[in-house]
Amino acid sequence: MAGFGAANVLFANGIRARIYDKRSRPGGLTSSFGNGDGFVFDEGVHISFTKNPRVKDLFAESTGQKFETGNVYCNNYWQGHWIKHPAQVNLHGLPADLVVNCIKDFIEARQVENPKIANYEDWLLAAFGKTFAETFPAVYTRKYHTTGASNMSTDWLGPRLYRPNLEEVLRGALEHEPLDVFYVNEFRYPTEGGFESFISGFYDKAEVLCDHEIAAIDTKEKQLTFKDGTTHDFNKLISSLPLPIVIPLIKGVPDDVREAAARLACTQVVVVNIGLNRPIETKPQWSYFYDEDIPFARVSYRGNLSKKSVPDGCGALQAEIYFSEKYRPLTGHADDWIEPAIDALIKSGVVQSRAEIIHKSAIMLPFGNVIFDLDRKAAVETVHAYLDEVGIEYCGRFGQWGYIWTDAAFLSGERAARAALGLSGTVEE
1 MAGFGAANVL FANGIRARIY DKRSRPGGLT SSFGNGDGFV FDEGVHISFT KNPRVKDLFA
61 ESTGQKFETG NVYCNNYWQG HWIKHPAQVN LHGLPADLVV NCIKDFIEAR QVENPKIANY
121 EDWLLAAFGK TFAETFPAVY TRKYHTTGAS NMSTDWLGPR LYRPNLEEVL RGALEHEPLD
181 VFYVNEFRYP TEGGFESFIS GFYDKAEVLC DHEIAAIDTK EKQLTFKDGT THDFNKLISS
241 LPLPIVIPLI KGVPDDVREA AARLACTQVV VVNIGLNRPI ETKPQWSYFY DEDIPFARVS
301 YRGNLSKKSV PDGCGALQAE IYFSEKYRPL TGHADDWIEP AIDALIKSGV VQSRAEIIHK
361 SAIMLPFGNV IFDLDRKAAV ETVHAYLDEV GIEYCGRFGQ WGYIWTDAAF LSGERAARAA
421 LGLSGTVEE
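Each residue of the sequence shown is one higher than the one before, starting from 1 at the first, in full-length UniProt numbering.
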């Protein structure tokens, strides 16, 4: 997304840039894939919910105006109970003792004036109270971010965690799904080809060179060296590479910058893809799973994004299991997690039996989400200051090292291109 955002601005200014991709095909984290059996999967759940009219139009044009529109609905699974998301305003149907303790602790937490917030754990306790915080978001944090809430900052939250008032908590405890407070509402998804169709229309705006893995970057000579030994000169360089990858490639990088990049952490994701011989009759586009004995943190339902992502009469889902080199290293291979994921899908009732499974596969994504641990902020500042100094523009989730969605990644690429061109002002948001 970021690379082709940059290509979009450069093309509009008469420049057909070169995009280098390590893989054999473009797309990055927005890639979609299948094996010819009619099932199409993405690299994790992706939807577009941008409110930016210009970006909406660009993505729509990329698909030839063939996209689905819907309203986001997602839910949560906890110890056999299914409740709407976000859980903090949908406690109805959970065990009475749990609901009472959640509300009691919520009220007590609100009595504390100016609570000290040093980390995400402090924020959770202040926002929701001890019972809810420890039962739901603290557990999910360990599953999704692979580290504890006390080791995370709060500068990633934005609208992601809704802070309700007492009336909303009470109403959600007494009534079934009374509120719509999720930060995502309307979404779009390509009708065919998976999420990648939102970006594939930009491929011709650049010279895309696949199977080109960078081995070294010489900022003084303005030269790239690739793993096969070939070299290419450049005028301006824009990078969406993950910061811990790009920094060691640069010749003459100072030790403190190298050490800062090494402190940055992100998740790795094993996505387990399951195809069924029947449709999956469920309302949500995705579900969150809080039980610690269930390996995946989230499951998405392919047919609820576009029916053409699955063969006629079939259903498909994708389970996401998170690891990280820094906190929870992946042992073995992605395929090792297929059967444990199926066990948990059967346990939770999402899949009825192995007999209905007609597709199963898994891939490992080496870069999933940035982990906003307590090391992140200072390390990013050091790395970005150095890249500014040597004239490398950076963009995208892993170039910015931020928690940004696909439309923001695209816009970050556009901004990086404008900076490389020396254009004044900002891109039209």
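Here a beta-carbon is modelled for each residue, glycine too, at the ideal position from N, C-alpha and C. All figures in this text were calculated on a predicted structure; none of them were measured in a lab.
Per DSSP, reduced to three states, the secondary structure at D97 is helical.
Approximately 32 Å separates the beta-carbon atoms of I274 and L241; this is outside 8 Å, ruling out the contact. If you draw a straight line from the Cα of G27 to the Cα of M1, it comes to about 8 Å.
Counting only the Cα atoms, E175 lies some 15 Å from V100. The beta carbons of A344 and I294 sit closer together than 8 Å. Note on D388: under 16 other CB atoms within 10 angstroms of its CB, so exposed under the neighbour-count rule. The secondary-structure analysis by DSSP pairs T225 across a beta bridge with A216 and T231. Checking the DSSP bridge columns, you'll see P190 partnered with F67. By the neighbour-count criterion, in which 16 or more other beta carbons inside 10 Å mark a residue as buried, D228 falls on the exposed side. A Cβ-Cβ distance of about 18 Å is found for the pair Y288 and T147, leaving them out of contact under the 8 Å criterion. T282 and E356 have their alpha carbons spaced roughly 16 Å apart. In the structure shown, K236 falls within a coil segment according to DSSP collapsed to helix, strand and coil. When the alpha-carbon of L365 is set against those of Q111, V380, S197 and H333, the nearest one is in H333. In chain order, C210 place their CB closer than 7 Å to the CB of R23, counting only its own chain and leaving out the 5 sequence neighbours on each side.
Residue G391 holds the alpha-carbon nearest to the alpha-carbon of A416 among K143, G391, K84 and Q268.
In the DSSP assignment, C266 is bridged to V370. Counting along the chain, R415 sits inside the alpha helix (DSSP H) bounded by residues T406 to L421. With a cutoff of 8 Å on beta-carbon distance, I247 and R258 are scored as near each other. Here C74 carries a strand assignment [DSSP, helix/strand/coil]. The criterion of a C-beta distance shorter than 8 Å is satisfied by M152 and T141. Inter-residue distance for H46 and P190 is about 10 Å (C-alpha atoms, whole angstroms). Per DSSP, E339 is one residue of the alpha helix (DSSP H) stretching across I338 to K347. In the DSSP assignment, H384 falls within the unbroken alpha helix (DSSP H) covering R376 to V390.
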